[in-house]
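See below for the structure under consideration.
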Amino acid sequence: MPTRDELRRWDLADPLAPMRAQFVLPEGVIYLDGNSLGAMPRAAAERVRRTLDHDWSQQLVRSWNSAGWVDLPIAVGARIGRLIGARDGETLACDSTSINLFKLLSLAVAQRPGRKLILSDTDNFPTDLYMAQGLAALLANGLELRTVGMDQLIDTIDERVAVVSLSHVNYRNGALYDMAAVTRRAHEAGALMLWDLAHSAGALPIALADCDVDLAVGCGYKYFNGGPGAPAFLYVSRALQQTAATPLTGWFGHARPFDFVPGYAPADGVARMQVGTPPILSMVALDAALDVWDGVSLQQVRDKSIRQCELFVDLVEQTMPGVFELYSPRDAAGRGSQVCLRHADAWPIMQALIADGVIGDVRAPDILRFGFTPLYLSYCDVYDAAAKLGAIMASGRWREPQFQARAKVT
Ligand SMILES: *Cc1c(COP(=O)(O)O)cnc(C)c1O
Numbered sequence: 439m440p441t442r443d444e445l446r447r448w449d450l451a452d453p454l455a456p457m458r459a460q461f462v463l464p465e466g467v468i469y470l471d472g473n474s475l476g477a478m479p480r481a482a483a484e485r486v487r488r489t490l491d492h493d494w495s496q497q498l499v500r501s502w503n504s505a506g507w508v509d510l511p512i513a514v515g516a517r518i519g520r521l522i523g524a525r526d527g528e529t530l531a532c533d534s535t536s537i538n539l540f541k542l543l544s545l546a547v548a549q550r551p552g553r554k555l556i557l558s559d560t561d562n563f564p565t566d567l568y569m570a571q572g573l574a575a576l577l578a579n580g581l582e583l584r585t586v587g588m589d590q591l592i593d594t595i596d597e598r599v600a601v602v603s604l605s606h607v608n609y610r611n612g613a614l615y616d617m618a619a620v621t622r623r624a625h626e627a628g629a630l631m632l633w634d635l636a637h638s639a640g641a642l643p644i645a646l647a648d649c650d651v652d653l654a655v656g657c658g659y660k661y662f663n664g665g666p667g668a669p670a671f672l673y674v675s676r677a678l679q680q681t682a683a684t685p686l687t688g689w690f691g692h693a694r695p696f697d698f699v700p701g702y703a704p705a706d707g708v709a710r711m712q713v714g715t716p717p718i719l720s721m722v723a724l725d726a727a728l729d730v731w732d733g734v735s736l737q738q739v740r741d742k743s744i745r746q747c748e749l750f751v752d753l754v755e756q757t758m759p760g761v762f763e764l765y766s767p768r769d770a771a772g773r774g775s776q777v778c779l780r781h782a783d784a785w786p787i788m789q790a791l792i793a794d795g796v797i798g799d800v801r802a803p804d805i806l807r808f809g810f811t812p813l814y815l816s817y818c819d820v821y822d823a824a825a826k827l828g829a830i831m832a833s834g835r836w837r838e839p840q841f842q843a844r845a846k847v848t
């Protein structure tokens with residue numbers, strides 16, 4: 439087990455260490471929740487301020503053209519596309535992940551008439567399942583959502599499946615699917631493949647085009663640090679684009695929105711997946727947040743993330759033996775950028791830890807979740823977080839009454 443002094447040397451040698459200066463983080467806080475809400479890049483705050491002080495207040499409606507507001511969904515989408523291995527013109531920044539799931543699931547089942555199954559993982563993020571359920575209820579044509587566990591997923595894909603809809607990294611335990619293998623199997627069965635990249639985009643290298651992925655969605659506010667409620671993104675492979683029909687035929691997806699004609703005609707390519715006026719304050723924050731990725735290699739991020747996760751797991755296992763059950767896969771290759779620990783008193787333990795300046799979160803009923811964001815987290819942070827957790831477990835301080843009260847957002 440490395441000592442804290444050795445970890446200080448790791449930090450000094452870490453090529454990503456200078457990235458932290460690009461973020462605003464409170465003094466004395468170790469932030470292990472960037473997988474839920476990424477930290478604030480300085481550039482994002484400056485850009486929002488400039489948008490308020492200049493583009494909105496002074497330029498007013500002219501900014502749709504002069505500040506390029508109208509082009510941001512495509513431009514920001516293109517920047518995200520380069521971070522997830524998409525080809526030019528396959529991505530768009532728009533709406534929320536939930537709305538984008540609805541659009542792409544609907545598009546997918548329309549591409550596979552006669553097939554009546556959306557196949558997903560029982561443990562998928564609830565909104566991914568809920569949106570599929572809502573689509574099935576709306577279509578009322580026998581379309582059904584079927585879910586199975588991760589271990590059975592690949593063997594359940596057959597000719598009845600229209601689309602396989604999965605999260606690349608599981609939000610609860612961090613388990614990572616083999617994107618290439620599952621996508622290949624879906625295609626062998628004639629199904630389309632939709633990946634939700636919420637917990638993998640910005641955390642590890644992704645090769646959507648190389649894996650021949652059909653459809654994908656993901657969040658702007660997690661590892662991309664776009665801010666609370668930042669626009670999400672979507673990806674539609676080139677091969678699907680000209681026949682891809684969106685169910686939400688809003689005017690921003692029209693071929694000529696400013697002709698104001700009464701009949702809908704889709705724009706070319708992925709642009710048709712837009713619905714309505716984009717939220718510009720959030721969009722400029724996301725655009726500026728993406729500046730931090732210029733010159734950063736996702737392989738470097740992945741390598742550091744694995745080292746940090748391994749360090750945290752080792753520290754927990756060796757300094758607190760038998761206290762927690764490791765809920766994430768032990769093998770780093772099968773895990774995203776988070777470590778989850780199980781404990782019956784997960785909630786008060788996490789509240790005591792947060793009070794001590796280490797912010798993670800809890801997923802019901804008993805999971806402590808720790809996200810690792812190599813752009814603004816040091817090895818010493820990982821060591822200190824584990825030490826604080828160890829101190830709380832040793833003292834039993836989490837049993838104090840102030841840590842028992844539940845909050846609305848966990
Ligand atoms: C965070 C997350 C979402 C969130 O969807 P919103 O529409 O942004 O609320 C969806 N899917 C997965 C897998 C997530 O982790």
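Numbered according to the numbering used here, the sequence shown terminates at residue 848, and the numbering increases by one at each position without gaps. Virtual Cβ for every residue (Gly too), placed ideally from N, Cα, C.
(request) Less than 8 Å between the CB atoms is what I'm expecting for residue 708 and residue 738, so what's the real figure, rounded? (result) Stepping through the sequence shown from its first residue, residue 708 is reached at position 270. Stepping through the sequence shown from its first residue, residue 738 is reached at position 300. Wrong, their Cβ atoms sit about 29 Å apart, outside the cutoff.
(message) Tell me which residues pass a beta-carbon proximity test against ligand 1: closer than 6 Å to any heavy atom, given in chain order.
(response) 534, 535, 536, 563, 565, 566, 605, 609, 634, 636, 637, 657 and 670
(request) Sort out for me which residues DSSP pairs residue 613 with in a bridge. (result) For the purposes of this step, residue 613 is taken as the residue at position 175 of the sequence shown. BP columns for residue 613 point to 773.
(request) Quick one: using the 10 Å Cβ neighbour count with 16 as the cut-off for buried, is residue 714 buried or exposed? (result) If you number the sequence shown from 1, residue 714 lands on position 276. Exposed, by the Cβ-count rule.
(request) Could you please give the first and the last residue of the uninterrupted alpha helix (DSSP H) stretch that includes residue 588? (result) In the sequence shown, the residue the question calls residue 588 occupies position 150. Looking at the DSSP string, the run of the alpha helix (DSSP H) that includes residue 588 is 588-594.
(request) Go to residue 656, then tell me how far its beta strand (DSSP E) extends in each direction, as first and last residue. (result) In the sequence shown, counting from the first residue as 1, residue 656 sits at position 218. Taken as a continuous stretch (DSSP letters only), the beta strand (DSSP E) holding residue 656 covers 653-656.
(message) Measuring alpha carbon to alpha carbon, tell me which residue in 760, 499, 723 and 541 is nearest residue 667.
(response) Your numbering for residue 667 matches position 229 in the sequence shown. Ranking 760, 499, 723 and 541 by Cα distance to residue 667 puts 723 first.
(message) For residue 441 and residue 818, I'd like the C-alpha separation in whole angstroms.
(response) The sequence position of residue 441 within the sequence shown is 3, counting from 1. The sequence position of residue 818 within the sequence shown is 380, counting from 1. Those two C-alpha atoms are separated by around 10 Å.
(message) Based on DSSP bridge pairs, tell me the residues matched to residue 469.
(response) Your numbering for residue 469 matches position 31 in the sequence shown. In the DSSP output, where bridge partners are listed per residue, residue 469 has 797.
(request) Give the secondary structure of residue 692 by DSSP, where H, G and I count as helix, E and B as strand, and everything else as coil. (result) Translated into positions along the sequence shown, residue 692 becomes position 254. Reduced to three states, the DSSP call for residue 692 is strand.
(message) Going by DSSP, what residue range makes up the beta strand (DSSP E) through residue 807?
(response) Mapped onto the sequence shown, residue 807 falls at position 369. First-last of the beta strand (DSSP E) with residue 807: 805-809.
(request) Quick one: measure Cβ to Cβ for residue 485 and residue 771, integer angstroms, because I've assumed they're closer than 8 Å. (result) Here residue 485 refers to the residue found at position 47 when the sequence shown is read from its first residue. Here residue 771 refers to the residue found at position 333 when the sequence shown is read from its first residue. Contact doesn't hold; Cβ gap of about 37 Å is too wide.
(message) Please state whether the Cβ-Cβ distance between residue 775 and residue 810 is less than 7 Å.
(response) For this step, residue 775 is matched to residue 337 along the sequence shown. For this step, residue 810 is matched to residue 372 along the sequence shown. For residue 775 and residue 810, yes; Cβs fall inside 7 Å.
(request) Could I get the ranges of all uninterrupted alpha helix (DSSP H) runs contained in the region 710-789, with 4 residues as the minimum, in chain order? (result) 718-727 and 736-757
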